[in-house]
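The next block holds one structure in the form of structure tokens; read it before the comments.
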Amino acid sequence: MGRRVTMTRADVKARARTAREFHQVALERVELAGPGPSEVAQVAASNAVHAAIAAADAICGITLGEHASGSDHREAVNLLRTVPGEGTRLAAKLQRLLSRKSSFTYGGFCTRDEAEQATKDAAALIDELDRRSL
């Protein structure tokens, strides 16, 4: 098992706010991106990844009392999968985003379509925050 960190209600709310901030930047940037590969689309996609990670932390924190911590994000996916209800579906969205994290963050530019998909995947986790009133 990877490293896990206990979360207070205040920690959960802070991670939820951070997730929303990253997601807002992703939404704003994706609207400005042209159709081809661009730095604007890359910024949108990388912020979507960070939004999803922060949202997953908040969801796990409010439901399980802890979140995964460390450089191996697979633990975050595995922990999210254990959340009752939508955990499995949300874990699949997070996994898809994490599989592209390096290319979105450090690789070549992505397209607007790729950034839009990343933003939609992150939105699923943001919607779960809303459902849980976080």
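Going by the working numbering, the final residue of the sequence shown carries number 227, and the count climbs one at a time with no gaps.
Don't be surprised by glycine CBs; every beta carbon is placed ideally from N, CA and C.
For this session: Please work out which residues of its chain come closer than 7 Å, Cβ to Cβ, to residue 154, disregarding the five sequence neighbours upstream and downstream, and give them in chain order.
Result: Numbered from 1 along the sequence shown, position 61 holds the residue referred to as residue 154. Same-chain partners within the cutoff: 100, 104, 105, 108, 160.
Exercise. With a cut-off of 8 Å, do at least 3 Cβ pairs link the region 130 to 139 to the region 187 to 202?
Worked result: yes
Problem set entry | Coarse secondary structure for residue 97, derived from DSSP in three states | Reading the sequence shown from its first residue, position 4 is the one you call residue 97. Strand at residue 97.
Problem set entry | Runs of alpha helix (DSSP H) lying entirely within the region 96 to 129, each at least 4 residues, in chain order | 102 to 125
Exercise. Between 162, 192, 181, 197, which lies nearest to residue 217 when the distance is taken from Cα to Cα?
Worked result: Reading the sequence shown from its first residue, position 124 is the one you call residue 217. Measuring from the Cα of residue 217, the nearest candidate turns out to be 181.
Exercise. Which parts of the region 120 to 199 are runs of the alpha helix (DSSP H), unbroken and 4 residues or longer, counting only runs that do not cross its ends?
Worked result: 132 to 157, 167 to 174, 180 to 192, 194 to 198
Exercise. If you drop the 5 nearest sequence neighbours on each side, which residues of the same chain put their C-beta closer than 8 Å to that of residue 142?
Worked result: Counted from its first residue, the sequence shown places residue 142 at position 49. 190, 191, 193, 194, 197, 198, 211, 215.
Problem set entry | Distance, residue 213 Cα to residue 163 Cα | In the sequence shown, the residue the question calls residue 163 occupies position 70. In the sequence shown, the residue the question calls residue 213 occupies position 120. If you take the alpha carbons of residue 163 and residue 213, they lie about 25 Å apart.
Problem set entry | Closest by C-alpha distance to residue 114, when choosing among 146, 127, 126, 206 | If you number the sequence shown from 1, residue 114 lands on position 21. Comparing Cα-Cα distances from residue 114 to each of 146, 127, 126, 206, the minimum goes to 146.
Problem set entry | Residues near residue 118 by beta carbon distance below 7 Å, same chain, minus five either side | For this step, residue 118 is matched to residue 25 along the sequence shown. The answer, listed in chain order, is 140.
Exercise. Do residue 219 and residue 144 come within 8 Å of each other at the CB atom, strictly closer than that value?
Worked result: Here the question's residue 144 lines up with position 51 in the sequence shown. Here the question's residue 219 lines up with position 126 in the sequence shown. Closer than 8 Å, so yes.
Exercise. Cα-Cα, which of 187, 174, 169 is closest to residue 96?
Worked result: Translated into the one-based positions of the sequence shown, residue 96 becomes position 3. Nearest of 187, 174, 169 to residue 96, Cα basis: 169.
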